[in-house]
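> I am attaching a structure below and will ask some questions about it afterwards.
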Amino acid sequence: MPVPPPVRPSLSELFRAFVAVSLSGFGGALPWARRMIVDKKKWMTAEEFNEVFALSQFLPGPNVVNFSVVFGQRFGGAPGAAVAFAGLMGPPLVIVSVLAVLYALYGDVAVLTRILAGIAAAAAGLLIAVVAKMAAPLVRKGTHWAPGIALLAFIGVALMQWPLPLVFVVLAPLSIALAWMRP
Amino acid sequence: MTSPLLALAGYFALLSLFAVGGANAAIPEMHRVAVDVMHWMSDRQFADMFAIAQVSPGPNVIIVTLIGYHVAGFAGAAVATAAMCGPTCALAFVVGRVWDRFKEARWRMAVQGGLVPLSLGLIAASAFVLARAADHTLVAGLLTAATALVAFATRINPLWLFLAGALLGLTGWL
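Each protein sequence line maps, in turn, to chains A and B. Heads up, the final residue of the first sequence is numbered 183 in our numbering, and it's a clean run with no missing numbers. Heads up, the final residue of the second sequence is numbered 1174 in our numbering, and it's a clean run with no missing numbers.
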């Protein structure tokens, strides 16, 4: 079956797509990026998207920001990466700057404190659900060392409150070595 | 005394390079530095900023903008955001160009597979740190638990869960 030629977005299309992704993404923008890029614009197949997605997750730093850079670079080199990043981060930066000013002014107002306390409690719960969803495939895969590494990272960072760089330089080489020997 | 802008730039640039699993994996380290080491803010303020970042559109990493503003105004917001995104963007740009060449390489599989459990542990630590900062009452703890269950078992838009939390908070039961 002939494959239709891939659609290549222009720089301004890239910018607008990532503005749209950033403004629609609550609690993580990556699902919206998939919807936009694979389903709506057909700039990538689902497999290509997964490939770039996996890379963005494995690289350090904010995943969706990495994604915008890798994706923009692939379609438009350095200018592409720059406009995708600007589209993704520009609007939230403006919005959050306004919220930061409002919080500095009214953060101690009792009503707002109570509302934020409720949202914070819910946000913590959402993160627990993210952890559970991430853990499920890892447990199903049945590698014995993986839960151990996750547990050590948790103990080091959450309970011992050791600095992240310290925990990382000890556990990352160990974990990669284990993945090499028992994938 | 180093300037707060330099401190922000240094901390977030360093932090970003160890944040495997994204911004959420870096929450405990941000909390440790901002609350315990630098005393930039209280536990509650940190939880508030996480909440604001969650209900704002865009990537979760935007919490660093709020922390930066709290420490040093608009300049702080800009510096913190740039420091958190700059080094990793450069890395993503470079790695993104060559990554496909190593598609079948064994070391690539090992690196990818090895970092997954590490980021899982780090994000679990984030959930723990946030729950401890946010849940000072039994009702707040129950709200966290209920949200976790609903979010895990259903595909509900998180915005509804935030709204429920906000309303519950408004009633003053938390």
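No residue lacks a Cβ here, since even glycine has one placed at the ideal position from N, Cα and C. Values in this document were obtained by computation on a predicted structure and should not be read as measured data.
Check whether the Cβ of S1003 (chain B) lies closer than 9 Å to any Cβ atom in chain A.
S1003 (chain B) does not count as touching chain A.
> By the three-class DSSP mapping on this structure, what secondary structure does L1143 (chain B) have?
Residue state, collapsed to three classes: helix.
> Which first and last residues belong to the alpha helix (DSSP H) in which Q1112 (chain B) is found?
It spans R1106 to A1134 - the alpha helix (DSSP H) in which Q1112 (chain B) sits, taken as one unbroken run.
> Using a Cβ-Cβ cutoff of 8 Å, what residues of the stretch 1068–1080 of chain B are near chain C? List them in chain order.
Among the protein chains of the structure shown, namely A and B, there is no chain C.
> Using a Cβ-Cβ cut-off of less than 7 Å, give me the residues of the stretch 1088–1100 of chain B that come near chain A, in sequence order.
If the cut-off is 7 Å between Cβ atoms, the stretch 1088–1100 of chain B has T1088, C1089, L1091, A1092, F1093, V1095, G1096, R1097 and W1099 near chain A.
> So for K240 (chain A), helix, strand or coil by DSSP?
The first residue shown for chain A is 1 and the last is 183, placing residue 240 (chain A) beyond what the model contains.
> Can you tell me the Cα-Cα spacing of E51 (chain A) and T45 (chain A), whole angstroms?
If I take the Cα positions, the gap works out to 10 Å.
> Taking only beta carbons into account, state which residues of the stretch 105–134 of chain A come closer than 8 Å to chain B, listed in chain order.
Result list: G107, V111, T113, R114, I115, L116, A117, G118, I119, A120, A121, A122, A123, A124, G125, L126, L127, I128, A129, V130, V131, A132, K133 and M134.
> Would you give the residue range spanned by the alpha helix (DSSP H) that T1081 (chain B) belongs to?
Note, T1081 (chain B): alpha helix (DSSP H), I1063 to V1098.
> Could you compute how far the alpha carbon of A81 (chain A) sits from the alpha carbon of Q73 (chain A)?
Between A81 (chain A) and Q73 (chain A), the C-alpha separation is close to 5 Å.
> For P62 (chain A), name the three-state secondary structure that DSSP assigns.
Here P62 (chain A) sits in coil by DSSP.
> Are D1070 (chain B) and M1049 (chain B) close, meaning C-beta to C-beta below 9 Å?
Note on residue identity: the sequence assigns His, not Asp, to residue 1070 (chain B). Going by C-beta atoms, H1070 (chain B) is nearer than 9 Å to M1049 (chain B).
> Would you mind sorting W43 (chain A) into buried or exposed? The rule is 16 or more other CB atoms within 10 Å of its CB.
With 16 or more other Cβ atoms within 10 Å, it is buried.
> Where does D1043 (chain B) fall in DSSP's three states?
Residue state, collapsed to three classes: helix.
> With burial defined as no fewer than 16 other Cβ atoms inside 10 Å of the residue's Cβ, what is the status of H1031 (chain B): buried or exposed?
When all chains shown are included, H1031 (chain B) counts as buried.
> Going by C-alpha to C-alpha distance, which of A:L30, A:M36 and A:H144 sits closest to E13 (chain A)?
Nearest C-alpha to E13 (chain A): A:M36.
> Look up Q161 (chain A) in the DSSP assignment and say whether it is helix, strand or coil.
In the structure shown, Q161 (chain A) sits in coil (DSSP, three-state: anything other than H, G, I, E or B).
> Return the CA-CA distance between A124 (chain A) and D1043 (chain B), expressed in angstroms with no decimal places.
Those two C-alpha atoms are separated by around 14 Å.
> Closest Cβ-Cβ distance between F75 (chain A) and chain B: below 9 Å?
No, F75 (chain A) lies away from the interface with chain B (no Cβ there is under 9 Å from its Cβ).
> Around the Cβ of W1040 (chain B), are there at least 16 other Cβ atoms within 10 angstroms (buried) or fewer (exposed)?
Buried.
> Should F1074 (chain B) be labelled buried (16 or more other beta-carbon atoms within 10 Å of its own) or exposed?
By the 10 Å Cβ count, F1074 (chain B) comes out exposed.
> Here's the rule I'm using: 16 or more other beta-carbon atoms within 10 Å means buried, otherwise exposed. How should F67 (chain A) be labelled?
Buried, by the Cβ-count rule.
> In three-state DSSP terms, what is P183 (chain A)?
P183 (chain A) falls in the coil class under three-state DSSP.
> Would you list, in sequence order, the uninterrupted alpha helix (DSSP H) runs of no fewer than 4 residues that lie entirely inside the stretch 87–160 of chain A?
110–141 and 145–154, all fully within the stretch 87–160 of chain A.
> For M1038 (chain B), which three-state DSSP category applies?
Correct three-state label for M1038 (chain B): coil.
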